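Here is the structure we will look at.
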């Protein structure tokens, strides 16, 4: 795994940020931290351990702050904390580095394309001071690919020297195309990604902003489902949560609630019909306990919809609505079994996406924003600000978009804890 970070050149300008201490480029974060034996540890270190470059302010910077125009763009779906990241970038650029011209390009990558005629917004500490109180993004967002040449034309027109791309997997892929076009032209525009996705599925990034807020808010819907389930004979509460490829939100919401009986995620296969399958197991619970609460991630159970090649504007495969499918399947199954049930279905997806960040996420967003600015000012490019082993890192975009991060059921302490909390079987496939 090549984790080397690109620099435009040596940093020769004393940093005006005036921090009491700085991070050296030689400072590394070890990739692997758990070893089964002392021999394994020694072998790992001697034979070439894998490291990430540590994020943080550098003593010297590459770009002269007096000559810098910075750009910010927010892309993809909404997520708690985007405004906090925007604010953090603006405050750090302005107050610590003295950068006075900061442009917010509206409506995602559309804002970097002339034909859409979206005028950039001048950002400063005054007009971003309190935006963290609001959900969404003051710059608005969009999905869909744009031509990299058109986008770099726009950056060059405005004299942008550093571009901060706030978004998830699709946004980072777009950022990579921008980097390639900049390289083709031989220009020096730093491109820094800030990982935004409530699914928490960015490769080699321990945690993305918005995730903490998302599962905390999701837990409220789960608690409502529990009340509804307990409040009716044979009540069944079904909650669909986000998670196209990864079940992190579903699992964390279930663990936080402690009232969830079944959690179905994309990483773990299950069947609906047959002995030992989900509906058979659910029937046994209803007959004995008279109620049940179910969380299902949006990407779970897609095998029930057959093969689908249709994609959305972000290039993601369109998913079948597993929440509605599961609700209908439960109703049909118990009707055939001549058991009356009361099924309550809740889908809080857009409520979760559009709320402001909670305090933990808000603080986390500030750290990500500051480290993004430090990286750009040091002339680094083609990277994502991440976290690994609770240390902020520089991660090459190529690695971040190589694959999706998913929960590993056979190795995951998180999944093992979920099974203990819900009491559900480890496998729910037909015998």
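Numbering (our numbering), first residue to last: 224 to 654.
We put the CB at the ideal spot given by N, CA and C, even for glycine.
Quantities reported herein were computed from a predicted structural model and do not represent experimental measurements.
Cutoff 7 Å; reference residue i; Cβ partners in own chain excluding five residues on either side
i, result
"residue 229", "603, 604 and 605"
"residue 300", "576"
"residue 640", "478"
"residue 593", "311 and 315"
"residue 541", "531, 533, 534 and 535"
"residue 213", "Missing from the structure shown is residue 213; the chain here goes from 224 to 654 and no further."
"residue 614", "252 and 277"
Test item: CB-CB of residue i and residue j under 7 Å
i, j, result
"residue 437", "residue 416", "no"
"residue 549", "residue 519", "yes"
"residue 291", "residue 336", "no"
"residue 483", "residue 636", "no"
"residue 465", "residue 521", "yes"
"residue 422", "residue 469", "yes"
"residue 307", "residue 355", "yes"
"residue 330", "residue 365", "yes"
"residue 317", "residue 348", "yes"
"residue 284", "residue 325", "no"
"residue 584", "residue 390", "no"
"residue 412", "residue 374", "no"
"residue 543", "residue 528", "yes"
"residue 471", "residue 651", "no"
"residue 562", "residue 395", "no"
"residue 384", "residue 302", "no"
Close beta carbons around residue i, own chain, < 6 Å, minus the five adjacent residues each side
i, result
"residue 523", "487, 488, 489 and 545"
"residue 250", "277"
"residue 571", "444"
"residue 495", "501, 502 and 552"
"residue 376", "none"
"residue 424", "468, 469, 627 and 628"
"residue 616", "252, 275, 278 and 609"
"residue 448", "460, 462, 516 and 569"
"residue 256", "612"
"residue 654", "498 and 499"
"residue 587", "432"
Whole-angstrom distance between residue j and residue i, CA atom to CA atom
i, j, result
"residue 440", "residue 510", "31 Å"
"residue 259", "residue 426", "24 Å"
"residue 432", "residue 547", "29 Å"
"residue 633", "residue 334", "44 Å"
"residue 569", "residue 445", "8 Å"
"residue 404", "residue 467", "30 Å"
"residue 410", "residue 612", "34 Å"
"residue 626", "residue 408", "28 Å"
"residue 262", "residue 649", "33 Å"
"residue 647", "residue 620", "38 Å"
"residue 513", "residue 554", "15 Å"
"residue 560", "residue 498", "14 Å"
"residue 457", "residue 607", "48 Å"
"residue 473", "residue 642", "13 Å"
"residue 434", "residue 286", "33 Å"
"residue 360", "residue 581", "15 Å"
"residue 342", "residue 362", "11 Å"
8 Å contact criterion, which residue i and residue j should meet: CB distance rounded
i, j, result
"residue 479", "residue 567", "Not confirmed; about 20 Å, so no contact."
"residue 327", "residue 314", "Actually they do not touch by this definition, with Cβ atoms about 14 Å apart."
"residue 320", "residue 629", "Actually they are not in contact, since the Cβ atoms of residue 320 and residue 629 sit about 38 Å apart, beyond 8 Å."
"residue 589", "residue 294", "Wrong, their Cβ atoms sit about 20 Å apart, outside the cutoff."
"residue 428", "residue 591", "Not confirmed; about 10 Å, so no contact."
DSSP beta-bridge partners of residue i
i, result
"residue 650", "DSSP lists no partner for residue 650."
"residue 292", "324 and 383"
"residue 619", "606"
"residue 229", "604"
"residue 474", "Answer is none; residue 474 lacks a bridge partner."
"residue 568", "461"
"residue 297", "389"
"residue 611", "614"
"residue 486", "518"
"residue 442", "Answer is none; residue 442 lacks a bridge partner."
Proximal residues to residue i (C-beta, below 8 Å), its chain only, five neighbours per side dropped
i, result
"residue 508", "484 and 515"
"residue 339", "330 and 333"
"residue 506", "556, 557, 560 and 562"
"residue 273", "224, 226, 253, 254 and 255"
CB contact check: residue i to chain B, cutoff 7 Å
i, result
"residue 542", "Given the protein chain composition of this structure (a single chain), no chain B is represented."
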